[in-house]
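Written out below as structure tokens is the structure these notes cover.
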Amino acid sequence: MTTIPKQQKGNPRIPNAEGKTKSAGRKSSLLGIATTSVISVPPTMSIIEGVQMMSRHSFRRLPITDPGNKKLIGIVTITDVINMMGGGSRYNLVTNRHKGSLLSALNDNIRTIATEKVDSLAPSTSIQEAICLLVKSGHGSFPITNPDNTIAGIVTEYDIMKMLAGTESDLIVDEIMTKNPKVVAPDVPINCVTRQMVDHDYRRLPVVADDLLIGMITATDIMGYLGRGRVFSEMKTGSVDEVLNLPVRDLMTGANIRTMSPDEKINEVAREMLEFGIGAFPVIDEGKLTGIVTEFDLVKGLAGNM
Numbered sequence: 001m002t003t004i005p006k007q008q009k010g011n012p013r014i015p016n017a018e019g020k021t022k023s024a025g026r027k028s029s030l031l032g033i034a035t036t037s038v039i040s041v042p043p044t045m046s047i048i049e050g051v052q053m054m055s056r057h058s059f060r061r062l063p064i065t066d067p068g069n070k071k072l073i074g075i076v077t078i079t080d081v082i083n084m085m086g087g088g089s090r091y092n093l094v095t096n097r098h099k100g101s102l103l104s105a106l107n108d109n110i111r112t113i114a115t116e117k118v119d120s121l122a123p124s125t126s127i128q129e130a131i132c133l134l135v136k137s138g139h140g141s142f143p144i145t146n147p148d149n150t151i152a153g154i155v156t157e158y159d160i161m162k163m164l165a166g167t168e169s170d171l172i173v174d175e176i177m178t179k180n181p182k183v184v185a186p187d188v189p190i191n192c193v194t195r196q197m198v199d200h201d202y203r204r205l206p207v208v209a210d211d212l213l214i215g216m217i218t219a220t221d222i223m224g225y226l227g228r229g230r231v232f233s234e235m236k237t238g239s240v241d242e243v244l245n246l247p248v249r250d251l252m253t254g255a256n257i258r259t260m261s262p263d264e265k266i267n268e269v270a271r272e273m274l275e276f277g278i279g280a281f282p283v284i285d286e287g288k289l290t291g292i293v294t295e296f297d298l299v300k301g302l303a304g305n306m
């Protein structure tokens, strides 16, 4: 593990919920905005048990720690799970070690799909520097580790966005969104989606038919297919191909999908994301999909006001 130490000195000033600033004291330290009651699992837990836990708690990541000394060993993320389901190198676990049997692979140790070289932050890292590192690295989160490599907390882009949501900004969605995003058709098989997600580091893709947005397929949707047990009730052979050939339309979020207009102010979008617990909005202009705006986009945009 690589711990990134605090590099700034003094008490920075950060915006509060009313968009004003205050000295960053104890309550506005990095641990003050992070999750400090962190659930971790041992490296011997099975993959399916870990996926079930992530689905049950709506986690995007799950730290793995030594059961004896509690030191951080690695982290399994939702991207690692997608990678295993046909998106990348972890798919070899299924095809090679388990001869194409997804059921067998899911009972392997969770450490086999974990990311073990994890950058972490020190508790003394300033909030501003944490934001800069998150934006620069493109990571959705950083674990916060004590000097002995035990976990003190986890700070995510959601935590940062929540802190910054009260700030005022003149930026609008059109200035920060991903324009002309990649899309998928509703009948595309899941393995094509997992591959695109891993290759391009996406966590969601708009689903489009006849140039109209009909839904979103997210990494959470795909992981939930495993974690909530639906895959086992529908599976007949246990073959990974049986699961990965499922069409996108069977898993996507479609009903009452929320969208944004390109001229919406980004602080308003941030507040709506927090209110509805949504990590991204498709952007619609004159009835057509023109972009997608994510938590990460908002963190980058709102952090420019600090």
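With UniProt numbering, the residue at position 42 of the sequence shown is 42, and numbering never jumps. For glycine and all other residues, C-beta sits at the position ideal for the given N, C-alpha and C. No experiment lies behind these values; they were computed from the predicted model shown.
- Fully contained in the segment 46 to 89 are the following beta strand (DSSP E) runs of length 3 or more, in chain order: 61 to 65 and 72 to 77.
- With a 10 Å radius around the Cβ and a threshold of 16 neighbouring Cβ atoms, residue 215 comes out buried.
- Under the 10 Å beta carbon count, residue 276 is surrounded by fewer than 16 other beta carbons and is classified as exposed.
- Judged by DSSP secondary structure, residue 289 falls within the beta strand (DSSP E) whose first and last residues are 288 to 294.
- Here the segment 25 to 44 makes contact with the segment 152 to 161; the two share three or more CB pairs at distances below 8 Å.
- Counting other Cβ atoms within 10 Å of its Cβ, residue 44 stays below 16 and is therefore classed as exposed.
- Residue 168 counts as exposed, since fewer than 16 other beta carbons sit within 10 angstroms of its beta carbon.
- Between residue 188 and residue 204, the alpha-carbon positions lie close to 14 Å from each other.
- Scanning its chain for C-beta atoms nearer than 6 Å, with the 5 sequence neighbours on each side dropped, one finds around residue 226 the residues 51, in chain order.
- Within the UniProt domain "CBS" (114 to 171), complete beta strand (DSSP E) segments of at least 3 residues are found at 119 to 121, 141 to 145 and 151 to 156, given in chain order.
- DSSP, read as helix, strand or coil, puts residue 227 in helix.
- Partner residues in the beta bridge of residue 284, as assigned by DSSP, are 289.
- Within the DSSP bridge table, the entry for residue 204 names 218 as partners.
- Residue pairing of residue 260 in beta bridges, as defined by DSSP: 283.
- For residue 174, the enclosing alpha helix (DSSP H) begins and ends at 173 to 176.
- Between residue 182 and residue 196, the CB-CB gap stays under 8 Å.
- By the Cβ-count criterion, residue 291 is buried, with 16 or more other Cβ atoms from all chains shown falling within 10 Å of its own Cβ.
- With respect to the C-alpha of residue 118, the residue from 144, 74 and 232 having the closest C-alpha is 74.
- Taken through DSSP and simplified to helix, strand or coil, residue 251 comes out as coil.
- In the structure shown, residue 198 falls within a helical segment according to DSSP collapsed to helix, strand and coil.
- With 16 or more other CB atoms across the displayed protein chains lying within 10 angstroms of its CB, residue 126 is buried.
- Between the alpha carbons of residue 284 and residue 135 lies a gap of roughly 26 Å.
- When DSSP states are grouped into helix, strand and coil, residue 302 belongs to the helix group.
- DSSP, reduced to helix, strand and coil, places residue 96 within a helical segment of the structure shown.
- Between residue 279 and residue 295, the CB-CB gap stays under 8 Å.
- The beta carbons of residue 113 and residue 85 sit about 10 Å from each other, so the pair does not count as a contact at 8 Å.
- Separation of residue 252 and residue 217 (C-alpha to C-alpha, rounded to the nearest whole angstrom) is 4 Å.
- Annotation: residue 277 is outside any alpha helix (DSSP H) and is labelled neither H nor E by DSSP.
- Here residue 121 is not near residue 302, since their CB atoms are 8 Å or more apart.
- A direct Cα-to-Cα measurement between residue 274 and residue 99 gives close to 43 Å.
- Distance from the Cα of residue 248 is smallest, within the candidate group 30, 107 and 209, for 209.
- For residue 33, the uninterrupted alpha helix (DSSP H) run begins and ends at 30 to 33, by DSSP.
- Taking the Cα of residue 128 as reference, the smallest distance to any Cα among 29, 138 and 47 is reached at 29.
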